[in-house]
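K.L.:
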Amino acid sequence: MKVALLAMLGLFLGALGGAALGIGAGLAWVEIAHTTSFEGYSGMLVFFTFMPAGAAIGGIGGGMLFALLAMRDDVIAVEPGPATGPARSPDQ
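Position in the sequence shown counted from 1, then plus 104, gives you our numbering.
1) Considering Glu135, what are the terminal residues of the alpha helix (DSSP H) in which it resides?
2) What separation, rounded to the nearest whole angstrom, lies between the Cα atoms of Ala159 and Met105?
3) Leaving aside the five residues before and after Ile197 along the sequence, list all residues of the same chain whose C-beta is less than 6 angstroms from its C-beta, in chain order.
4) Given this structure, state the Cα-to-Cα distance separating Ala157 from Phe116, to the nearest angstrom.
5) For Gly144, count the other beta carbons within 10 Å of its own beta carbon; 16 or more makes it buried, fewer makes it exposed. Which is it?
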């Protein structure tokens with residue numbers, strides 16, 4: 105259950121981050137390629153092409169990353185072990 109919930113969280117966060125990066129990449133593409141802005145063509149290009157592509161790639165990547173981290177939970181130390189005091193010599 106934890107793996108599925110973390111995968112969904114990764115999907116959501118990855119989609120948000122990917123959409124933001126897609127918008128940035130689309131705006132850069134419009135500026136570099138000198139795309140025409142006639143009747144809002146450049147805006148439609150960014151928001152109907154680059155943003156969904158970035159959200160899809162980011163969602164898949166984020167979901168896979170969070171699921172991988174959740175499956176490897178036994179390898180990754182999430183909670184610290186019991187606290188131990190400093191090592192002392194027997195004559196103290």
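Glycine residues also receive a C-beta, built at the ideal position from the N, C-alpha and C atoms.
P.N.:
Walking through what the data contain:
1) Lys106 to Ala137 is the span of the alpha helix (DSSP H), which, as asked, contains Glu135.
2) Rounded to whole angstroms, the gap between the alpha carbons of Ala159 and Met105 is 24 angstroms.
3) Residue 197 is absent from the model: the chain starts at 105 and stops at 196.
4) Their Cα atoms are separated by approximately 14 angstroms.
5) Classification for Gly144: exposed.
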